[in-house]
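Participant: For the sequence shown, this note's numbering gives the first residue as 3, with consecutive numbering after it.
Positions of the beta carbon are idealized from the N, C-alpha and C atoms, including for glycine.
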Amino acid sequence: MPHFDLIVIGSGPAGRRAAIQASKLGKSVLVVEKGRRVGGVSVHTGTIPSKTLRETVLNLSGWRERGFYGRAYRVKKDIDADDLLKRLHMTLNHEVEVLEHQFSRNAVETLRGTARFLTPQVVEVVCEDDHVIQHTADRFILAVGTSPFRPDTIPFDGRTVVDSDEILNLAYLPRSMVVIGAGVIGVEYATIMSALDVNVTLIEPRDSMLDFVDRELMDEFRHDLRDRGIALRFGSKVDSVNRETNGKLTVQLENGRRVCPDMVLFAAGRMGSTGSLNLDACGLTGDHRGRLKVDPKTFQTDVPHIYAVGDVIGFPSLASTSMEQGRIAACHAFDERPQDPPAFFPYGIYSVPEISTIGLTEQEVEAKKIPYECGVARFRETSRGHIMGLHSGFMKMIFSLETRRLLGVHIVGEGATELIHIGQAVLNLDGTLDYFVENTFNFPTLAEAYKIAALDAWNRMPKTQPSAQSFQELSDKLKTAVG
3 MPHFDLIVIG SGPAGRRAAI QASKLGKSVL VVEKGRRVGG VSVHTGTIPS KTLRETVLNL
63 SGWRERGFYG RAYRVKKDID ADDLLKRLHM TLNHEVEVLE HQFSRNAVET LRGTARFLTP
123 QVVEVVCEDD HVIQHTADRF ILAVGTSPFR PDTIPFDGRT VVDSDEILNL AYLPRSMVVI
183 GAGVIGVEYA TIMSALDVNV TLIEPRDSML DFVDRELMDE FRHDLRDRGI ALRFGSKVDS
243 VNRETNGKLT VQLENGRRVC PDMVLFAAGR MGSTGSLNLD ACGLTGDHRG RLKVDPKTFQ
303 TDVPHIYAVG DVIGFPSLAS TSMEQGRIAA CHAFDERPQD PPAFFPYGIY SVPEISTIGL
363 TEQEVEAKKI PYECGVARFR ETSRGHIMGL HSGFMKMIFS LETRRLLGVH IVGEGATELI
423 HIGQAVLNLD GTLDYFVENT FNFPTLAEAY KIAALDAWNR MPKTQPSAQS FQELSDKLKT
483 AVG
């Protein structure tokens, strides 16, 4: 029975980083992946495919140029599903090749098959040809990711009623679509399809969406969606999805309203992919959505030699944070202390337009009773924004009144997920408003919005210098704010 220092189950961002980190520490590592190729959900159905689809849509539709040439402008007049999938497959092949090379040069062994625990130290891997292999290990890291939640009441057929995995195998482009679920995935696909001039209705049973994002930013975002013609149905629960005798779809809401789209995308939640692991055999139990409980600092489960990382442990379910979780877990597993993660990390939502945020929202600052001031900049106020033809785009910065320290940055608009890293650096280095006021930014750039927003806040703030005591008091409040 082959023995390894570490067996990683799953080869997505978390599993990949964990395996390579353990190999760098001189450990023998096996990665078990049940998919056809390494990469996990991130490469094959999640992060990379959806972002590739988004970029393809924006390029072929001429979306970024419509500010100058009108809403009817297109780079390619007739866009079909094949146009979208061609670039997708090229990108995925490249990602898999890079990952396979990383595993090879770091002496990480890989095995294709479905793993299940027999005991806390033994896993059985059922390969594609039903050949069964058993392995033992000193440590295990579970990075199995998630899969779409598929309630029995939704008549999925993989063509006209699809989940967020199946939409990547589009056979045709619909003229109208209903997206059920206004979480990150639902919002991303709703706005991507809208950029193709698909008539989109977004349905969400709650009265709001993306509640972890600053409220003022979401007000701006919703206004942009409505301006584009996306129908937002908040506080509307779906009663049923029916396929009529003529093949047409009908989405019936509990409030009596009906929508008749060409396609339905159900994107209301995901489930931890732990069903095949036989968790009882190793002493673990998942929650009602198959997610695993871990120590938030070490990512150990209740069984000390078994760790869990990535989407399977729940929020924030980001590829970026999953990678760090995998690295931290591997270091802790072999008594190599990793550096503590920063208090704040950026959150990116690849909708159209993008949303990215870091630090405290205005609502969180108010709840912590921290005196503050905000500065706002609109992309149309920048010369670069005019050059790019941007009519929307919004940056909001929050500063402490007592210390002038940056507390949060919130952006919606073109390039938000790239721009956020400037705010990330200043925030995690305890920087203040003075950095933005005193420094020069390249001109013309969208990053100039940082200077505009900072000056907007500076003009409202007292010009006194903060005391050392104020810095310490704010530091204590921020530590409390991030738990």
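Contact check, Leu448 vs Leu408 under 8 Å by CB: the rounded distance?
Facilitator: The Cβ separation is near 18 Å, so there is no contact.
Participant: Taking only the alpha-carbon atoms, compute the straight-line gap between Ile232 and Leu204 and give it to the nearest angstrom.
Facilitator: About 7 Å.
Participant: Within the segment 377-456, note down every full beta strand (DSSP E) run reaching 3 residues or more, in order along the chain.
Facilitator: You should have 396-402, 408-414.
Participant: So, helix, strand or coil for Pro51, using DSSP?
Facilitator: Residue state, collapsed to three classes: helix.
Participant: Quick one: residues in its chain with C-beta nearer than 6 Å to the C-beta of Thr93, no 5 flanking neighbours on either side, listed in chain order?
Facilitator: Excluding sequence neighbours, Thr93 sits near Thr54.
Participant: Label Gly328 either buried or exposed according to how many other C-beta atoms from any shown protein chain fall within 10 Å of its C-beta, with 16 as the threshold for buried.
Facilitator: Its Cβ being crowded by 16 or more others within 10 Å, Gly328 is buried.
Participant: Where does Glu246 land, buried or exposed, given buried means 16+ other C-beta within 10 angstroms?
Facilitator: Exposed is the call here.
Participant: Please classify Gln23 as buried or exposed, where buried requires at least 16 other C-beta atoms within 10 Å of its C-beta.
Facilitator: Its Cβ being crowded by 16 or more others within 10 Å, Gln23 is buried.
Participant: According to DSSP, which residues form a beta bridge with Arg272?
Facilitator: Arg272 is bridged to Pro150.
Participant: Starting from Phe70, trace the alpha helix (DSSP H) in both directions and tell me its first and last residue.
Facilitator: From DSSP, the alpha helix (DSSP H) with Phe70 extends over 68-71.
Participant: Is it the case that the Cβ atoms of Gly69 and Gly415 are separated by a distance below 8 Å?
Facilitator: No. Outside cutoff.
Participant: Beta carbon of Tyr309, beta carbon of Ala283: below 8 Å?
Facilitator: The answer is no: Cβ separation not under 8 Å.
Participant: Secondary structure at Arg339, three-state DSSP: helix, strand or coil?
Facilitator: In the structure shown, Arg339 sits in coil (DSSP, three-state: anything other than H, G, I, E or B).
Participant: Tell me the DSSP bridge mates of Asn1?
Facilitator: Residue 1 lies beyond the range of the chain shown here (3 to 485); nothing can be said about it.
Participant: For Arg2 and Arg114, I'd like the C-alpha separation in whole angstroms.
Facilitator: One cannot answer for residue 2 here, as it falls past the ends of the chain, which runs 3 to 485.
Participant: So what does DSSP say about Glu130, is it helix, strand or coil?
Facilitator: Glu130 falls in the coil class under three-state DSSP.
Participant: Within 10 Å of its beta-carbon, does Met220 have 16 or more other beta-carbons around it, so buried, or fewer, so exposed?
Facilitator: The residue in question, Met220, is buried, as its Cβ has 16 or more Cβ neighbours within 10 Å.
Participant: Just mark Ile182 as buried or exposed, buried being the case when its beta carbon has 16 or more other beta carbons within 10 Å.
Facilitator: Ile182 comes out buried.
Participant: Opposite Asp226 in the DSSP bridges: which residues?
Facilitator: BP columns for Asp226 are empty, so no partner.
Participant: Taking the beta strand (DSSP E) that Leu8 belongs to, which residues open and close that run?
Facilitator: First-last of the beta strand (DSSP E) with Leu8: 5-11.
Participant: Report the three-state DSSP secondary structure of Asp216 (helix, strand or coil).
Facilitator: In this structure, Asp216 counts as coil in the three-state DSSP scheme.
Participant: Skipping 5 residues on each side, what residues in its chain have a beta carbon closer than 7 Å to that of Ile156?
Facilitator: So the qualifying residues of the chain are Val163, Val243, Phe268.
Participant: Taking the straight line between their C-alpha atoms, what separation do you get for Thr303 and Val428?
Facilitator: One C-alpha to the other measures close to 34 Å.
Participant: Comparing alpha-carbon positions, which option in Leu172, Pro176, Phe443, Ser353 lies nearest Asn201?
Facilitator: Out of Leu172, Pro176, Phe443, Ser353, Pro176 has the C-alpha closest to the C-alpha of Asn201.
Participant: Pull up the CB-CB distance for Arg81 and Leu62, whole angstroms please, since I reckon it's below 8 Å.
Facilitator: In the sequence under discussion, the amino acid at residue 81 is Ile, which differs from the Arg named in the question. Their Cβ separation, rounded to whole angstroms, is 5 Å, which keeps Ile81 and Leu62 in contact under 8 Å.
Participant: In the structure shown, what three-state DSSP assignment does Glu35 receive?
Facilitator: In this structure, Glu35 counts as strand in the three-state DSSP scheme.
Participant: Quick check: the segment 311-321 against the segment 397-405, are at least 3 beta-carbon pairs closer than 8 Å?
Facilitator: Verdict: no, contact absent.
Participant: Under DSSP, the alpha helix (DSSP H) around Ala21 begins and ends at which residues?
Facilitator: Looking at the DSSP string, the run of the alpha helix (DSSP H) that includes Ala21 is 15-26.
Participant: Since Glu356 is in the beta strand (DSSP E), which residue starts that stretch and which ends it?
Facilitator: Premise fails: Glu356 is in no beta strand (DSSP E) and is neither H nor E.
Participant: Between Gly417 and the rest of its own chain, which residues show a CB-CB distance below 8 Å, the 5 nearest in sequence each way excluded?
Facilitator: Same-chain partners within the cutoff: Glu356, Leu448.
Participant: Would the segment 5-16 and the segment 33-40 be scored as touching if the rule is three or more Cβ pairs under 8 Å?
Facilitator: Segments in contact, yes.
Participant: Can you tell me where the beta strand (DSSP E) holding Thr155 begins and where it ends?
Facilitator: No beta strand (DSSP E) holds Thr155; DSSP gives it neither H nor E.
Participant: Taking one C-beta from the segment 432-451 and one from the segment 374-389 each time, how about it: are there three or more such pairs within less than 8 Å?
Facilitator: Cβ pair count under 8 Å is three or more, so yes.
Participant: What are the boundary residues of the beta strand (DSSP E) that includes Ser242?
Facilitator: Start and end: 240-245.
Participant: For Glu111, which beta-bridge partners are listed by DSSP?
Facilitator: The partner list for Glu111 (beta bridge, DSSP) reads Leu32.
Participant: Taking the alpha carbon of Gly361 as the point to measure from, which residue in Ile372, Glu368, Phe346, Val367 has its own alpha carbon closest?
Facilitator: For the residues Ile372, Glu368, Phe346, Val367, the minimum Cα distance to Gly361 belongs to Phe346.
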